[in-house]
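Numbering (mature numbering (1 follows the signal peptide of the UniProt record, and there is no 0)), first residue to last: -20 to -1, 1 to 128. Read the structure below first, then the notes.
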Ligand code: HEC
């Protein structure tokens, strides 16, 4: 009888340790500030700025237009996803800053507006932080490894 309850206590203990270990791990996996260049307060600010300025074209979650790969009849491109499923991760940070600040033109006819007059460099960085926070770790690491 005595032995049994000791085992029960030990089992409960092992169970507790296993559970807390688990949640620590999933926290680590979900953490977006973990070895990324931005912090959580930037992500929070960027989320709002994105909803106000970018969501109407790129979607509330940065999912883009499903037909972004095909040019329209006029040869223009629809807003691509920024959530890690498009090709935004091929662009170094400075290129991302540049396309947001200056738009895509003038050489390419494009509906991507220039935001340099509306948003500060800091604002733009918080928006990039927000959409990069939606990139899965593999995508972020691939972006990181390509040297920027
Ligand atoms: C009026 C619609 C519209 C709005 C608003 C808009 N975009 Fe875009 N954006 C586009 C289009 C269209 C493209 C594709 C341009 C092209 O390739 O010709 C694009 C491209 C981009 C790219 C390049 C992505 C890549 O994979 O090459 C980034 C980054 C981007 N937008 C960020 C933003 C951000 C940040 C905002 C808000 C500050 C924003 N856009 C607001 C339409 C828009």
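All residues carry an ideal CB built from backbone N, CA and C; glycine is no exception. Since the model is a prediction, treat every value here as computed from it, not as a measurement.
Comparing C-alpha positions only, which one of the options sits nearest to residue i?
i           : options          : result
residue 67  : 81, 74, 49       : 49
residue 94  : 104, 87, 83, 102 : 83
residue 42  : 91, 19, 59, 80   : 59
residue 126 : 38, 109, 73, 64  : 73
At a threshold of 8 Å, does residue i count as lining the ligand HEC (C-beta to nearest heavy atom)?
i           : result
residue 41  : no
residue 112 : no
residue 50  : no
residue 66  : yes
residue 95  : yes
residue 57  : yes
residue 33  : yes
residue 36  : yes
residue 91  : yes
Is residue i buried or exposed, if buried means 16 or more other CB atoms sit within 10 Å of its CB?
i           : result
residue 107 : buried
residue 27  : buried
residue 121 : exposed
residue 23  : buried
residue 118 : exposed
residue 61  : buried
residue 110 : buried
Exercise. Flag this pair as touching only if the stretch 94 to 104 and the stretch 113 to 120 have three or more C-beta atom pairs under 8 Å; answer yes or no.
Key: Of all C-beta pairs linking the stretch 94 to 104 to the stretch 113 to 120, fewer than three are shorter than 8 Å, placing the two stretches out of contact.
Quiz prompt | alpha helix (DSSP H) runs wholly inside the stretch 58 to 118, at least 4 long, in chain order | solution = If we require 4 residues or more, the alpha helix (DSSP H) runs fully inside the stretch 58 to 118 come out as 73 to 82, 101 to 113.
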